[in-house]
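Here is the structure we will look at, set down as C-alpha coordinates.
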Amino acid sequence: MTNPQPPQSNLTTASEYALILGSGAAAVASVATQQVAAASLPPLAALVALGLINRYRLDQQLQQSQSAGQPLDTDTTQGRSLSSVPPRMVANLRPEHLAHRPQILEPPISSVSFSFSPPQHSIAGPLAAKRQAQANLDARMSANLRQVGDELRQHRQAKGWSVEEVYTRTFIQPYIVNAIEAGNVRQLPEPFYIRAFLQKYATALGLDGVAVAKRFADA
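Sequential numbering from 9 applies to the sequence shown in the working numbering.
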(Lines of atoms letter the chains of each structure in order from A and count residues from 1; the text may use other names and numbers.)
(Lines give C-alpha, C1' and ligand atoms only; values in the text may rest on other atoms or scores of the structure.)
Protein backbone atom coordinates (compact mmCIF):
# COMPACT_ATOMS: atom_id res chain seq x y z
CA MET A 1 0.00 0.00 0.00
CA THR A 2 1.39 3.38 -1.00
CA ASN A 3 0.87 6.54 1.07
CA PRO A 4 -1.01 9.23 -0.83
CA GLN A 5 1.20 12.17 -1.59
CA PRO A 6 -0.25 15.67 -1.18
CA PRO A 7 -0.73 17.36 -4.51
CA GLN A 8 2.01 19.77 -5.45
CA SER A 9 1.07 23.35 -6.28
CA ASN A 10 1.48 24.31 -9.94
CA LEU A 11 1.93 28.00 -9.06
CA THR A 12 5.25 29.79 -9.30
CA THR A 13 6.81 31.49 -6.30
CA ALA A 14 5.88 34.97 -7.53
CA SER A 15 2.31 33.84 -8.05
CA GLU A 16 2.18 32.32 -4.59
CA TYR A 17 3.31 35.56 -2.91
CA ALA A 18 0.92 37.52 -5.09
CA LEU A 19 -1.87 35.27 -3.93
CA ILE A 20 -0.79 35.66 -0.31
CA LEU A 21 -0.72 39.45 -0.43
CA GLY A 22 -3.84 39.70 -2.55
CA SER A 23 -5.79 37.36 -0.31
CA GLY A 24 -4.60 39.12 2.81
CA ALA A 25 -5.56 42.51 1.40
CA ALA A 26 -8.99 41.21 0.51
CA ALA A 27 -9.45 39.85 4.01
CA VAL A 28 -8.36 43.13 5.60
CA ALA A 29 -11.07 44.88 3.58
CA SER A 30 -13.76 43.32 5.75
CA VAL A 31 -14.72 45.32 8.85
CA ALA A 32 -14.44 42.46 11.33
CA THR A 33 -11.00 41.40 10.08
CA GLN A 34 -9.73 45.00 10.19
CA GLN A 35 -10.73 45.27 13.85
CA VAL A 36 -8.93 42.03 14.78
CA ALA A 37 -5.79 42.96 12.85
CA ALA A 38 -5.67 46.48 14.27
CA ALA A 39 -6.11 45.25 17.83
CA SER A 40 -3.54 42.39 17.78
CA LEU A 41 -0.85 42.92 15.10
CA PRO A 42 0.75 45.69 13.04
CA PRO A 43 -0.90 46.24 9.64
CA LEU A 44 1.79 44.51 7.57
CA ALA A 45 2.02 41.51 9.91
CA ALA A 46 -1.78 41.21 9.95
CA LEU A 47 -1.80 41.34 6.14
CA VAL A 48 0.74 38.51 5.87
CA ALA A 49 -1.02 36.40 8.51
CA LEU A 50 -4.39 36.75 6.83
CA GLY A 51 -2.77 36.05 3.48
CA LEU A 52 -1.39 32.76 4.80
CA ILE A 53 -4.84 31.78 5.99
CA ASN A 54 -6.35 32.57 2.63
CA ARG A 55 -3.45 30.78 0.92
CA TYR A 56 -4.52 27.65 2.75
CA ARG A 57 -8.04 28.14 1.45
CA LEU A 58 -6.76 28.70 -2.10
CA ASP A 59 -4.71 25.52 -1.87
CA GLN A 60 -7.88 23.68 -0.96
CA GLN A 61 -9.63 25.25 -3.93
CA LEU A 62 -6.67 24.38 -6.17
CA GLN A 63 -6.78 20.77 -5.06
CA GLN A 64 -10.49 20.63 -5.75
CA SER A 65 -10.01 22.23 -9.18
CA GLN A 66 -7.22 19.82 -10.09
CA SER A 67 -9.29 16.84 -9.01
CA ALA A 68 -12.18 18.14 -11.13
CA GLY A 69 -9.90 18.90 -14.09
CA GLN A 70 -10.53 22.68 -14.02
CA PRO A 71 -7.41 24.88 -13.69
CA LEU A 72 -7.52 27.82 -11.30
CA ASP A 73 -7.11 31.24 -12.90
CA THR A 74 -4.59 32.95 -10.63
CA ASP A 75 -4.57 36.21 -12.56
CA THR A 76 -8.32 36.57 -12.14
CA THR A 77 -8.14 35.68 -8.46
CA GLN A 78 -5.31 38.13 -7.83
CA GLY A 79 -7.01 40.91 -9.74
CA ARG A 80 -10.30 40.37 -7.98
CA SER A 81 -8.60 40.31 -4.56
CA LEU A 82 -6.59 43.48 -5.13
CA SER A 83 -9.43 45.32 -6.79
CA SER A 84 -11.65 44.80 -3.72
CA VAL A 85 -9.18 46.63 -1.45
CA PRO A 86 -9.26 50.45 -1.39
CA PRO A 87 -6.04 51.93 -2.86
CA ARG A 88 -5.53 54.11 0.21
CA MET A 89 -5.50 51.04 2.49
CA VAL A 90 -2.97 49.24 0.31
CA ALA A 91 -0.74 52.33 0.26
CA ASN A 92 -0.88 52.62 4.04
CA LEU A 93 0.28 49.02 4.42
CA ARG A 94 3.48 49.50 2.44
CA PRO A 95 6.72 49.26 4.48
CA GLU A 96 8.04 52.61 3.31
CA HIS A 97 4.82 54.26 4.41
CA LEU A 98 4.91 52.55 7.82
CA ALA A 99 8.53 53.65 8.35
CA HIS A 100 7.59 57.32 7.98
CA ARG A 101 4.44 57.09 10.04
CA PRO A 102 4.70 59.56 12.97
CA GLN A 103 4.73 57.94 16.37
CA ILE A 104 2.70 59.43 19.17
CA LEU A 105 4.86 59.97 22.21
CA GLU A 106 3.22 60.40 25.55
CA PRO A 107 4.39 63.48 27.45
CA PRO A 108 6.60 62.68 30.42
CA ILE A 109 4.89 62.75 33.75
CA SER A 110 6.45 65.48 35.78
CA SER A 111 6.65 65.08 39.51
CA VAL A 112 4.33 67.36 41.39
CA SER A 113 5.56 68.87 44.56
CA PHE A 114 3.37 70.52 47.15
CA SER A 115 4.50 73.17 49.52
CA PHE A 116 2.49 74.52 52.38
CA SER A 117 3.17 77.97 53.70
CA PRO A 118 2.27 78.70 57.28
CA PRO A 119 -0.87 80.78 57.70
CA GLN A 120 0.95 83.93 58.67
CA HIS A 121 -2.14 86.05 58.30
CA SER A 122 -3.87 84.06 61.04
CA ILE A 123 -1.11 84.55 63.65
CA ALA A 124 0.07 88.02 62.68
CA GLY A 125 -2.69 89.73 64.62
CA PRO A 126 -2.38 87.79 67.91
CA LEU A 127 1.42 87.90 67.78
CA ALA A 128 1.48 91.65 67.27
CA ALA A 129 -1.01 92.11 70.10
CA LYS A 130 1.10 89.95 72.42
CA ARG A 131 4.25 91.90 71.60
CA GLN A 132 2.45 95.17 72.17
CA ALA A 133 1.13 93.96 75.55
CA GLN A 134 4.63 92.89 76.60
CA ALA A 135 6.02 96.24 75.51
CA ASN A 136 3.39 98.08 77.56
CA LEU A 137 4.16 95.91 80.59
CA ASP A 138 7.89 96.57 80.26
CA ALA A 139 7.22 100.29 80.03
CA ARG A 140 5.11 100.28 83.21
CA MET A 141 7.66 98.18 85.11
CA SER A 142 10.47 100.48 84.01
CA ALA A 143 8.52 103.53 85.15
CA ASN A 144 7.71 101.97 88.54
CA LEU A 145 11.29 100.74 88.97
CA ARG A 146 12.70 104.17 88.19
CA GLN A 147 10.43 105.71 90.81
CA VAL A 148 11.18 103.08 93.47
CA GLY A 149 14.90 102.99 92.61
CA ASP A 150 15.19 106.77 92.87
CA GLU A 151 13.67 106.70 96.36
CA LEU A 152 16.04 103.89 97.43
CA ARG A 153 19.03 105.83 96.07
CA GLN A 154 17.98 108.92 98.08
CA HIS A 155 17.67 106.85 101.28
CA ARG A 156 21.05 105.22 100.61
CA GLN A 157 22.76 108.56 100.06
CA ALA A 158 21.04 109.94 103.18
CA LYS A 159 22.65 107.17 105.18
CA GLY A 160 25.98 107.80 103.47
CA TRP A 161 26.19 104.31 102.09
CA SER A 162 28.00 103.45 98.90
CA VAL A 163 26.92 100.78 96.46
CA GLU A 164 29.65 98.50 97.77
CA GLU A 165 28.35 98.91 101.33
CA VAL A 166 24.89 97.93 100.19
CA TYR A 167 26.49 94.81 98.70
CA THR A 168 28.22 94.11 102.01
CA ARG A 169 24.96 94.40 103.95
CA THR A 170 22.58 92.70 101.48
CA PHE A 171 24.86 90.64 99.21
CA ILE A 172 23.15 92.25 96.19
CA GLN A 173 25.64 92.65 93.38
CA PRO A 174 26.67 96.27 92.66
CA TYR A 175 25.51 96.11 89.03
CA ILE A 176 22.04 95.05 90.25
CA VAL A 177 21.94 97.96 92.75
CA ASN A 178 22.89 100.40 89.99
CA ALA A 179 20.26 98.92 87.61
CA ILE A 180 17.56 99.19 90.33
CA GLU A 181 18.38 102.81 91.09
CA ALA A 182 18.51 103.63 87.34
CA GLY A 183 15.24 101.82 86.63
CA ASN A 184 16.85 99.66 83.93
CA VAL A 185 14.67 96.56 83.70
CA ARG A 186 16.64 95.02 80.83
CA GLN A 187 19.76 94.57 82.97
CA LEU A 188 17.82 92.75 85.68
CA PRO A 189 16.54 89.15 85.84
CA GLU A 190 12.90 88.09 85.96
CA PRO A 191 10.35 90.29 87.81
CA PHE A 192 10.16 87.72 90.62
CA TYR A 193 13.86 88.29 91.44
CA ILE A 194 13.50 92.06 91.03
CA ARG A 195 10.80 92.11 93.72
CA ALA A 196 13.03 90.04 96.01
CA PHE A 197 15.96 92.47 95.51
CA LEU A 198 13.73 95.50 96.14
CA GLN A 199 12.34 94.02 99.35
CA LYS A 200 15.80 93.14 100.65
CA TYR A 201 17.30 96.48 99.63
CA ALA A 202 14.45 98.49 101.19
CA THR A 203 14.56 96.43 104.40
CA ALA A 204 18.30 97.09 104.75
CA LEU A 205 17.58 100.83 104.49
CA GLY A 206 14.93 100.60 107.25
CA LEU A 207 11.92 100.81 104.91
CA ASP A 208 8.91 98.55 104.46
CA GLY A 209 10.35 96.08 101.97
CA VAL A 210 7.02 94.37 101.22
CA ALA A 211 5.31 97.67 100.38
CA VAL A 212 8.21 98.76 98.16
CA ALA A 213 8.21 95.46 96.27
CA LYS A 214 4.43 95.68 95.90
CA ARG A 215 4.68 99.08 94.23
CA PHE A 216 6.84 97.52 91.53
CA ALA A 217 4.58 94.47 91.22
CA ASP A 218 1.55 96.68 90.57
CA ALA A 219 2.88 97.53 87.12
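Where is the CB? At the ideal position from N, CA and C, for every residue including glycine.
Can you look up PRO197 in the DSSP assignment and give me helix, strand or coil?
coil
Assigned exposure category for ALA210 - 16 Cβ within 10 Å defines buried
buried
Quick one: Cα of PHE179 to Cα of GLY157, how far?
17 Å
First and last residue of the alpha helix (DSSP H) that includes GLY191?
Where GLY191 is concerned, there is no enclosing alpha helix (DSSP H), given that its DSSP letter is neither H nor E.
Neighbour-count burial assignment, GLY87, 16 or more Cβ in a 10 Å radius
Per-residue confidence for GLY87 stands at a pLDDT of 46, beneath the threshold of 50, marking its modelled position as unreliable; no derived number is given.
Look at the Cβ atom of LEU153, then the Cβ atom of GLY191, and state whether they are nearer than 8 Å.
yes
Under the rule that 16 or more other beta-carbon atoms within 10 Å means buried, what is VAL220, buried or exposed?
buried
For LEU135, which residues from the same chain have a beta carbon less than 8 Å from its beta carbon, with the 5 sequence-adjacent residues on both sides left out?
none
Distance, ALA151 Cα to ARG223 Cα:
11 Å
State the start and end residues of the unbroken alpha helix (DSSP H) segment that holds PHE224.
217-225
Here's a check: name, in chain order, each residue in its chain whose Cβ is nearer than 6 Å to the Cβ of LEU196, leaving out the five neighbours to either side.
ALA187 and ILE202
Look at LEU215 and HIS163 and say whether their C-beta atoms are less than 8 Å apart.
yes
Return no unless some Cβ of chain D is closer than 8 Å to the Cβ of ARG194.
Looking for chain D here will not work: only one protein chain is present.
Leaving out the 5 sequence neighbours to the left and right, which residues in its chain are closer than 8 Å to VAL185 when beta-carbon positions are compared?
VAL171, VAL174, TYR175 and TYR209
Leaving out the 5 sequence neighbours to the left and right, which residues in its chain are closer than 6 Å to ALA204 when beta-carbon positions are compared?
none
Return the CA-CA distance between ASP194 and ASP226, expressed in angstroms with no decimal places.
With the sequence shown as reference, residue 194 is identified as Arg, and Asp is not the correct amino acid for it. If I take the Cα positions, the gap works out to 18 Å.
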